[in-house]
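Enquirer: Dropping a structure here in structure tokens format, bear with me for questions.
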Amino acid sequence: MTEYFRFPKPNLFWLVFLTVGLILLFGAYLSLRFGAISFSHDQLLATLKEFGKDSAQQDIIVDLRIPRLLTACLVGASLAVAGLMMQAVTYNRLADSGLLGIQAGAGLSILLLLLLNPNSHYLLRLMVGFMGAGLVAGLVIFSSQQNGHGNPPLRILLIGSMATAFLSAVGQGISIYLNQATHYVGLLSGSLTQANWSSLAWLAGPIFLALLFAMFFSKHLTILSLQESLAQGLGLQTQLFLVLFLLLAAVLSAAAVSLAGSLTFIGLIIPNLIRPFFKRDFRYLLPLSALCGACLLVWMDVLARTLHPPYELPLNSLTSLIGFPILLFLIRKGDWS
1 MTEYFRFPKP NLFWLVFLTV GLILLFGAYL SLRFGAISFS HDQLLATLKE
51 FGKDSAQQDI IVDLRIPRLL TACLVGASLA VAGLMMQAVT YNRLADSGLL
101 GIQAGAGLSI LLLLLLNPNS HYLLRLMVGF MGAGLVAGLV IFSSQQNGHG
151 NPPLRILLIG SMATAFLSAV GQGISIYLNQ ATHYVGLLSG SLTQANWSSL
201 AWLAGPIFLA LLFAMFFSKH LTILSLQESL AQGLGLQTQL FLVLFLLLAA
251 VLSAAAVSLA GSLTFIGLII PNLIRPFFKR DFRYLLPLSA LCGACLLVWM
301 DVLARTLHPP YELPLNSLTS LIGFPILLFL IRKGDWS
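What follows is the structure, given as structure tokens:
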């Protein structure tokens with residue numbers, strides 16, 4: 001059993017953490033400078049120094065790009081941590097809230113709410129999205145149970161993909177029928193164009209709370225990620241913590257969809273990139289997943305805005321370019337647990 005507890009030294013954690021942090025800071029710098037309208041280094045510094053003054057540059061950087069940057073960080077961190085927790089509790093490295101229909105459930109719920117009340121409060125969107133995400137998560141995991149014994153990796157992926165396709169089709173049909181296709185496109189393709197200070201003010205708190213809860217119970221997640229019999233033998237109430245971590249994943253997924261729509265593969269990419277270095281120690285995996293998820297989405301957003309200006313590429317197109325090969329590699333390798 002000692003093989004499960006061969007954890008790395010903290011030195012490696014801090015080396016990776018600081019390296020990714022520097023990459024994130026450079027991405028943040030580029031995110032503030034470049035887009036449909038680009039600024040020089042001196043213009044950016046001058047605008048930040050004159051914070052609060054009324055000017056076109058202030059409007060672009062302070063009211064548009066800084067909220068967009070912070071939203072990218074929160075959404076990337078949320079989806080990466082949600083994916084990591086789902087992989088741990090389902091013993092399945094293919095698990096991701098986008099691939100298993102959880103984001104689609106949250107997106108459809110939020111879409112219906114917006115169709116009924118376009119000016120609905122951000123917290124109401126979060127609650128409705130959370131209910132949709134939680135319902136789909138429960139249905140997918142329950143349906144993938146094989147005679148009550150675990151969740152075969154490809155089975156849960158197949159059922160989740162079917163749920164995603166079905167819920168996406170329902171949302172698209174409803175929005176087209178009601179001539180509200182723009183609402184659906186934003187929720188489906190994933191976009192940071194609607195980022196603003198108001199949404200950040202209301203949704204940053206729930207995201208931080210969910211992340212803090214996950215960090216606080218990181219040791220329990222480490223034990224839960226072992227074989228279920230081992231976790232029970234160590235005295236862990238497996239069902240209680242299974243529900244807890246699934247609820248946290250649902251909250252993070254719903255908040256991410258509320259802010260940026262559905263973004264697939266982030267929860268698959270990040271955990272599978274850092275897991276080889278830190279194995280099963282979630283004291284390291286959780287904070288690194290959050291930081292790496294934020295870093296990935298910030299850079300994807302920079303690329304989406306700069307590859308073909310003044311047009312923006314869909315974020316899902318870029319994340320899929322990275323995530324789909326990783327998914328195929330894991331399926332071919334057969335290393336899912």
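According to full-length UniProt numbering, the sequence shown is numbered sequentially starting from 1. Glycine residues also receive a C-beta, built at the ideal position from the N, C-alpha and C atoms.
Flag this pair as touching only if the stretch 8 to 17 and the stretch 288 to 296 have three or more C-beta atom pairs under 8 Å; answer yes or no.
Expert: These segments touch.
Enquirer: Label Arg332 either buried or exposed according to how many other C-beta atoms from any shown protein chain fall within 10 Å of its C-beta, with 16 as the threshold for buried.
Expert: Residue 332 sits at position 332 when you count from the first residue of the sequence shown. Per the 10 Å Cβ criterion, exposed.
Enquirer: Using 7 Å as the cut-off, classify the Cβ of Ser199 as near or not near the heavy atoms of the ligand ZN, replying yes or no.
Expert: The ligand ZN is not among the ligands present in this structure, which contains no ligands whatsoever.
Enquirer: When burial is assigned at 16 or more other CB atoms within 10 Å of the CB, is Pro206 buried or exposed?
Expert: Stepping through the sequence shown from its first residue, residue 206 is reached at position 206. Buried.
Enquirer: What's the C-alpha gap between Gly138 and Phe130?
Expert: Here residue 138 refers to the residue found at position 138 when the sequence shown is read from its first residue. Here residue 130 refers to the residue found at position 130 when the sequence shown is read from its first residue. Rounded to the nearest angstrom, the two C-alpha atoms are 12 Å apart.
Enquirer: Taking the alpha carbon of Leu74 as the reference point, which residue from Phe208, Leu248, Ser317 has its own alpha carbon closest?
Expert: Your numbering for residue 74 matches position 74 in the sequence shown. The candidate whose alpha carbon is nearest that of Leu74 is Phe208.
Enquirer: Have a look at Leu286 and Ala255 and give me their C-alpha separation to the nearest angstrom.
Expert: Within the sequence shown, numbered from 1, the residue matching residue 286 stands at position 286. Within the sequence shown, numbered from 1, the residue matching residue 255 stands at position 255. Leu286 and Ala255: Cα-Cα distance of roughly 18 Å.
Enquirer: Expressed to the nearest angstrom, what Euclidean distance is found between the alpha-carbon atoms of Glu3 and Arg93?
Expert: Numbered from its first residue, the sequence shown carries residue 3 at position 3. Numbered from its first residue, the sequence shown carries residue 93 at position 93. Confidence at Glu3 is low in this model, with a pLDDT of 46, below 50, so the placement of that residue is unreliable and no value is reported for it.
Enquirer: For the alpha helix (DSSP H) that contains Asn179, what are its first and last residues?
Expert: Counting from one through the sequence shown, the residue named residue 179 turns up at place 179. No alpha helix (DSSP H) holds Asn179; DSSP gives it neither H nor E.
Enquirer: Smallest Cα separation from Ile270: which of Leu32, Asn11, Ser78?
Expert: Translated into the one-based positions of the sequence shown, residue 270 becomes position 270. Considering only alpha carbons, the answer is Ser78.
Enquirer: Report all residues from its chain with a CB closer than 7 Å to the CB of Gly132; omit the five preceding and five following residues, and keep chain order.
Expert: Within the sequence shown, numbered from 1, the residue matching residue 132 stands at position 132. Excluding residues within five positions, the ones whose Cβ falls inside 7 Å are Gly105, Ala106, Leu108, Ser109.
Enquirer: Given a cut-off of 8 Å on the beta-carbon distance, is the pair Leu203 and Leu126 in contact?
Expert: In the sequence shown, counting from the first residue as 1, residue 203 sits at position 203. In the sequence shown, counting from the first residue as 1, residue 126 sits at position 126. Yes.
Enquirer: In chain order, what are the residue ranges of uninterrupted alpha helix (DSSP H) at least 4 long that sit wholly in the stretch 44 to 114?
Expert: 56 to 60, 66 to 90, all fully within the stretch 44 to 114.
Enquirer: Is the stretch 263 to 282 touching the stretch 83 to 98, taking contact as three or more C-beta pairs under 8 Å?
Expert: The stretch 263 to 282 is in contact with the stretch 83 to 98.
Enquirer: Taking the straight line between their C-alpha atoms, what separation do you get for Ala72 and Val251?
Expert: Position 72 of the sequence shown, counted from the start, is the residue given in the question as residue 72. Position 251 of the sequence shown, counted from the start, is the residue given in the question as residue 251. Distance between the alpha carbons of Ala72 and Val251 is about 17 Å.
Enquirer: Buried or exposed: where does Trp299 fall if 16 or more other Cβ atoms within 10 Å of its Cβ makes it buried?
Expert: Here residue 299 corresponds to residue number 299 of the sequence shown, with the count starting at 1. Burial call: buried.
Enquirer: Considering only the alpha carbon of each residue, which of Ile66, Gly134, Ser55 lies closest to Ala249?
Expert: Locating residue 249 in the sequence shown gives position 249, counting from the first residue. The shortest C-alpha separation from Ala249 is found at Gly134.
Enquirer: Counting only runs of 4+ residues fully inside the stretch 259 to 294, write out the alpha helix (DSSP H) ranges in chain order.
Expert: If we require 4 residues or more, the alpha helix (DSSP H) runs fully inside the stretch 259 to 294 come out as 266 to 278.
Enquirer: Starting from the C-beta of Leu313, find all residues in its chain whose C-beta is less than 7 Å away, skip the five residues before and the five after it, and write them out in chain order.
Expert: As a working mapping, residue 313 is identified with position 313 in the sequence shown. Same-chain partners within the cutoff: Ala304, Leu307.
Enquirer: Would you be able to state if there are at least three C-beta pairs under 8 Å between the stretch 210 to 223 and the stretch 81 to 91?
Expert: Yes, since at least three Cβ pairs between the stretch 81 to 91 and the stretch 210 to 223 fall closer than 8 Å, the two stretches touch.
Enquirer: Could you please give the first and the last residue of the uninterrupted alpha helix (DSSP H) stretch that includes Pro206?
Expert: As a first step, residue 206 must be located in the sequence shown, where it is residue number 206. That run of the alpha helix (DSSP H) goes 197 to 216.
Enquirer: Report the three-state DSSP secondary structure of Asn11 (helix, strand or coil).
Expert: The residue you call residue 11 lines up with position 11 of the sequence shown. Helix at Asn11.
Enquirer: Classify Met1 as buried or exposed, calling it buried when 16 or more other Cβ atoms lie within 10 Å of its own Cβ.
Expert: Here the question's residue 1 lines up with position 1 in the sequence shown. For Met1, the predicted structure reports a pLDDT of 47, less than 50, and the residue's modelled location is therefore unreliable. The matter cannot be settled from this model.
Enquirer: Report the option in Thr47, Leu154, Phe34, Val136 whose CA atom is closest to the CA atom of Ser168.
Expert: Within the sequence shown, residue 168 is the residue found at index 168, counting from 1. Nearest C-alpha to Ser168: Val136.
Enquirer: In or out: Asn119 buried (at least 16 other Cβ within 10 Å) or exposed?
Expert: For the purposes of this step, residue 119 is taken as residue 119 along the sequence shown, with counting starting at 1. Result: exposed.
Enquirer: Is Tyr122 near Ser258, with beta carbons less than 8 Å apart?
Expert: Taking the sequence shown and counting its residues from 1, one reaches residue 122 at position 122. Taking the sequence shown and counting its residues from 1, one reaches residue 258 at position 258. Yes, the pair counts as a contact, with Cβ atoms nearer than the cut-off.
Enquirer: Report the three-state DSSP secondary structure of Pro314 (helix, strand or coil).
Expert: Translated into the one-based positions of the sequence shown, residue 314 becomes position 314. In this structure, Pro314 counts as coil in the three-state DSSP scheme.
Enquirer: Please go through the same chain and pick out, in chain order, the residues whose beta-carbon is closer than 7 Å to the beta-carbon of Ile37, but skip the five residues on each side of it.
Expert: Mapped onto the sequence shown, residue 37 falls at position 37. Closer than 7 Å at the Cβ level, and outside the excluded window around Ile37, lie Ile60.
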